[in-house]
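Undergrad: Taking the working numbering, the leading residue of the sequence shown gets 382, the next gets one more, and so forth. Note that beta-carbon positions come from the ideal geometry of N, C-alpha and C, so glycine has one too. Below: one structure in C-alpha cells.
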Amino acid sequence: MAALTRQEVEAIVATAREKGERPNLSGMDLSDIKLNGAHLTKVDLSRAHLNRADLSRATLAEAHLQETNLNGADLSEANLSNVNLRMANLGGADLSGANLYQANLEKADAFEANLSEIDLGEANISGADFSNANLGGVDLREAKLGGTNLNGADLSGANLEGTRLEGADLEGVDFGGTRVVRTFFSNVDLRTARGLEYVYHDGPSYIDSHTLMLSQGQVPEVFLRGCGLTDAQIEMAKLHNPNLTSDEITLITYEIHR
382 MAALTRQEVE AIVATAREKG ERPNLSGMDL SDIKLNGAHL TKVDLSRAHL NRADLSRATL
442 AEAHLQETNL NGADLSEANL SNVNLRMANL GGADLSGANL YQANLEKADA FEANLSEIDL
502 GEANISGADF SNANLGGVDL REAKLGGTNL NGADLSGANL EGTRLEGADL EGVDFGGTRV
562 VRTFFSNVDL RTARGLEYVY HDGPSYIDSH TLMLSQGQVP EVFLRGCGLT DAQIEMAKLH
622 NPNLTSDEIT LITYEIHR
C-alpha cells in the first residue's frame, strides 16, 4: 500500500471532524510525509509509520502516538502537549523546541534524539530509553523518570525542579548547570555522572541511602551539601567507598563523632 500524501491526510482529518469523530490514521504508512505546520490535534496516529516525516511546528496536542514509528522524524517546535507517545520510537528524531508538557513517554525509545530546549514539565518518562539524547536546557519540572535510561545523555542547563529520578540509569550523564530543588535522587548511581559540582541548588533535594551506597562515596561534597546533607551525613557517605584504608575509616569516623 502506497504511503499517503499530505492532501489525503488532511482530507481524512477534515472528514472525521465534520462528523464529530476523532480522525483515525492508526497504522497508516506516512513515511517521509511533509506535515509541517499541520493541525493534527487529537488525531489517532497510534502504530503509524512516520519515520523521517516532517512534523515541524505541527499541532499534535492530545494526539495518540503510542507505538508509533517516528524514527528520524522532524518534530522541532511541534505542540505535543498531553500527547500519548507510550512505547513510541523516537530514535534520532529532532524534537528541539517542542512542547511536550504532560506528555506520556513511558517506555518510549528516544536513543540519540535531539530533545534540547523542550518543555517536558509533568511528563511521564518512566522506563523510557533516552540514552545519548540531547536534553540540554530541557524543562523537566515535576517529570517522572523512574527507571529511565539516561546513559550518556546531556542534561546540562536543564530544570529538574521536583523531577523524580528513582532508579534511573545516570551513567555518564552531564548535569553541568542544571537547576535542582525538591529533586528525587533515589536508588541511583552517581559515580560517573558529570558536572555535579556545577549544579545550581535552589533549595534542598532528596537523596536516599541507596543512592549514597550505590555511589560508593564518589559524589562531590559540594553537591551533597547543596542537596541539604549535613557535614556528618557527608562524612558517613564516604564510608561507602570500598577502597578506604583502615586509617581513612578511622579519620572519617572521628570527623563524624567529634
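Please classify His638: is it buried, with 16 or more other beta-carbons within 10 angstroms of its beta-carbon, or exposed?
TA: Residue mapping note: residue 638 aligns to position 257 of the sequence shown, counting from 1. Exposed: under 16 other Cβ atoms inside 10 Å.
Undergrad: For Ser590, count neighbouring C-beta atoms within 10 Å of its own C-beta (all shown protein chains included) and say buried if the count is 16 or more, exposed if not.
TA: Working through the sequence shown from its first residue, we reach residue 590 at position 209. Result: exposed.
Undergrad: Relative to the C-alpha of Val561, which residue among Asp550, Thr631 and Leu536 is closest?
TA: Indexing the sequence shown from 1 puts residue 561 at position 180. Comparing Cα-Cα distances from Val561 to each of Asp550, Thr631 and Leu536, the minimum goes to Leu536.
Undergrad: Hey, quick one: how far does the beta strand (DSSP E) through Ala542 stretch, first residue to last?
TA: As a first step, residue 542 is located in the sequence shown; it is residue number 161 there, counting from the start. First, the residue type needs correcting, since residue 542 is Glu and not Ala in the sequence shown. Counting along the chain, the beta strand (DSSP E) containing Glu542 begins and ends at Asn540 to Glu542.
Undergrad: Using the beta-carbon count (16 or more within 10 Å), is Asp555 buried or exposed?
TA: Mapped onto the sequence shown, residue 555 falls at position 174. Buried, because 16 or more other Cβ atoms sit within 10 Å of the Cβ of Asp555.
Undergrad: Alpha helix (DSSP H) containing Val580: first to last residue?
TA: Position 199 of the sequence shown holds residue 580. Looking at the DSSP string, Val580 is not in any alpha helix (DSSP H), and its letter there is neither H nor E.
Undergrad: Does Ala474 pass the burial test, meaning 16 or more other C-beta atoms within 10 Å, or should it be called exposed?
TA: The residue labelled residue 474 in the question sits at position 93 within the sequence shown. With 16 or more other Cβ atoms within 10 Å, it is buried.
Undergrad: With a threshold of 16 other CB atoms inside 10 Å of the CB of Gln447, please say whether the residue is buried or exposed.
TA: For the purposes of this step, residue 447 is identified with residue 66 of the sequence shown, where counting begins at 1. Classification of Gln447: buried, given that the 10 Å Cβ count is 16 or more.
Undergrad: Grab the span of the alpha helix (DSSP H) containing Arg387 for me, first residue to last.
TA: Residue 387 sits at position 6 when you count from the first residue of the sequence shown. That run of the alpha helix (DSSP H) goes Arg387 to Glu399.
Undergrad: Starting from the C-beta of Gly518, find all residues in its chain whose C-beta is less than 7 angstroms away, skip the five residues before and the five after it, and write them out in chain order.
TA: Here the question's residue 518 lines up with position 137 in the sequence shown. Hits under 7 angstroms: Ser497, Glu498, Gly538 and Ala539.
Undergrad: What residue range does the beta strand (DSSP E) around Val562 cover?
TA: By 1-based counting over the sequence shown, the position of residue 562 is 181. Element bounds for Val562: Arg560 to Val562.
Undergrad: Please name the residue, chosen from Leu476, Gln483 and Ala549, that lies closest to Asp510 on a Cα-to-Cα basis.
TA: Counted from its first residue, the sequence shown places residue 510 at position 129. Closest option to Asp510, Cα to Cα, is Ala549.
Undergrad: Starting from Ala631, follow its DSSP beta bridges and name the residues at the other end.
TA: Indexing the sequence shown from 1 puts residue 631 at position 250. According to the sequence as given, residue 631 is Thr; it is not Ala. According to DSSP, which records beta bridges pairwise, Thr631 is partnered with nothing at all.
Undergrad: Within 10 angstroms of the Cβ of Gly437, are there 16 or more other Cβ atoms? Answer buried if so, exposed if not.
TA: One-based indexing of the sequence shown puts residue 437 at position 56. A quick correction: the sequence has Ser, not Gly, at residue 437. Burial call: buried.
Undergrad: Helix, strand or coil for Asp475, going by three-state DSSP, please let me know.
TA: Translated into the one-based positions of the sequence shown, residue 475 becomes position 94. Strand.
Undergrad: Ala454 and Ala479 - do their beta-carbons sit closer together than 8 angstroms?
TA: On the sequence shown, residue 479 is found 98 positions in, with the first residue counted as 1. On the sequence shown, residue 454 is found 73 positions in, with the first residue counted as 1. Cβ atoms of Ala479 and Ala454: not closer than 8 angstroms.
Undergrad: How far does the alpha helix (DSSP H) with Asp612 in it reach, from first residue to last?
TA: Position 231 of the sequence shown, counted from the start, is the residue given in the question as residue 612. First-last of the alpha helix (DSSP H) with Asp612: Asp612 to Lys619.
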